[in-house]
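Chains as they are written, first to last, in my numbering: chain A, 180 to 293; chain B, 13 to 126. The structure appears right after this line, and notes come after that.
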Amino acid sequence: AQSVAQPEDQVNVAEGNPLTVKCTYSVSGNPYLFWYVQYPNRGLQFLLKYITGDNLVKGSYGFEAEFNKSQTSFHLKKPSALVSDSALYFCAVRDLNYGQNFVFGPGTRLSVLP
Amino acid sequence: DGGITQSPKYLFRKEGQNVTLSCEQNLNHDAMYWYRQDPGQGLRLIYYSQIVNDFQKGDIAEGYSVSREKKESFPLTVTSAQKNPTAFYLCASKSSGSSYNEQFFGPGTRLTVL
């Protein structure tokens, strides 16, 4: 079975500082990994994905994520946080050996303090 | 929120009533999904459809029903058998052209049982 963990319910960071939102996964085959962001009372917006190739993936709004196969992690990063980055972030995994569906983590709430 | 619309934005239901949530997409996507979001639990899959006139149960299908008569539409009915329906409901779609494609989400419907 496939699963996703986001070990931190909440991450607080000062504006201008680098941010990291953590994600670890468990799959039986090759993982396809995704990050989404959700603003209050809105749907999820796609940020970036890892399929294969370079372990550092760049996405929307200056976000990037680093795939680490040995640690089964896919942490989301941004060099300089903005107050407008404050939102709920979801990591998701898709394992084709398991079927057609995505499994989402519980979400991490990011608060960027001015 | 791309080319996916959900209506209504807010919905109130009395106990014992069935209600139907609308989801329409103009992205020409084959696959459509319904998720339920509760605080701290991430997204849980209710039903999904890979093609018109076919759909499959997800992890929490009990008390819900769907139809897929048109490619563009995937309505969800919350029946009186669903014991705790108050939640935020998200519809998503995905192109079937590649296994690596991400899902696109609608803006969501917040259902409250009175």
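Where is the CB? At the ideal position from N, CA and C, for every residue including glycine.
| Are B:Thr91 and B:Asn30 touching if we call contact CB-CB under 7 Å? | yes
| Using DSSP with H/G/I as helix, E/B as strand and the rest coil, what is A:Val206? | coil
| query | Mind pulling the chain B residues with CB within less than 8 Å of A:Lys228? | reply | Tyr112, Glu114
| field | Delimiting residues of the beta strand (DSSP E) encompassing A:Thr231 | value | First-last for A:Thr231: undefined, no H or E at that position.
| field | C-beta atoms of B:Gln18 and B:Cys35 nearer than 7 Å | value | yes
| task | Could you check what DSSP says for B:Tyr45 in three-state terms: helix, strand or coil? | result | strand
| Residue-level contact to chain B via CB, A:Pro285, 7 Å cutoff | yes
| query | Taking the beta strand (DSSP E) that A:Phe281 falls in, what are its first and last residues? | reply | Premise fails: A:Phe281 is in no beta strand (DSSP E) and is neither H nor E.
| task | Mind listing the chain B neighbours of A:Gly208? Cutoff is C-beta to C-beta under 8 Å, in chain order. | result | Simply none; closest approach about 11 Å.
| request: Please list, in chain order, all residues of the same chain as A:Gln228 whose beta carbon is under 6 Å from its beta carbon, the five residues on each side excluded. | output: Per the sequence shown, the amino acid found at residue 228 of chain A is Lys instead of Gln. Taken in chain order, the residues that qualify are Phe213.
| task | Give a yes or no on whether the minimum CB-CB distance between A:Gly222 and chain B is below 7 Å. | result | yes
| field | Counted within 10 angstroms of its Cβ, other Cβ atoms place A:Lys257 as buried (16 or more) or exposed | value | buried
| said: Would B:Gly54 pass as an interface residue toward chain A - the criterion being a Cβ-Cβ separation below 7 Å? | reply: yes
| said: Determine, for A:Tyr211, whether the minimum Cβ-Cβ distance to residues of chain B falls below 7 Å. | reply: yes
| message | Need the endpoints of the beta strand (DSSP E) that B:Cys37 sits in, please. | response | Reading the sequence as shown, one finds Gln at residue 37 of chain B and not Cys. Element bounds for B:Gln37: 31 to 37.
| request: Express the C-alpha separation of A:Pro210 and B:Arg80 in angstroms, rounding to a whole number. | output: 29 Å
| task | For B:Gln94, collect the residues of the same chain with a Cβ closer than 8 Å to its Cβ; drop the 5 residues on either side in sequence, then sort them by chain order. | result | Glu74, Gly75, Tyr76
| Contacts that A:Leu275 makes with chain B (C-beta to C-beta distance below 7 Å) | Ser111
| message | Can you confirm whether the region 266 to 276 of chain A touches the region 56 to 68 of chain B when touching is taken to mean that 3 or more C-beta pairs between the two stretches lie within less than 8 Å? | response | no
| task | Provide the residue(s) that pair with A:Phe269 in DSSP beta bridges, ordered along the chain. | result | A:Tyr215
| message | Counting only beta-carbon separations shorter than 7 Å, does A:Asn280 have a partner in chain B? | response | yes
| Sequence-distant residues of its chain with Cβ nearer than 6 Å to B:Ile72 (five each side left out) | Arg56, Ile58
| request: Starting from B:Phe117, find everything on chain A with Cβ-Cβ shorter than 9 Å and list it in chain order. | output: Tyr215, Gln217, Arg221, Gly222, Leu223, Gln224, Phe225
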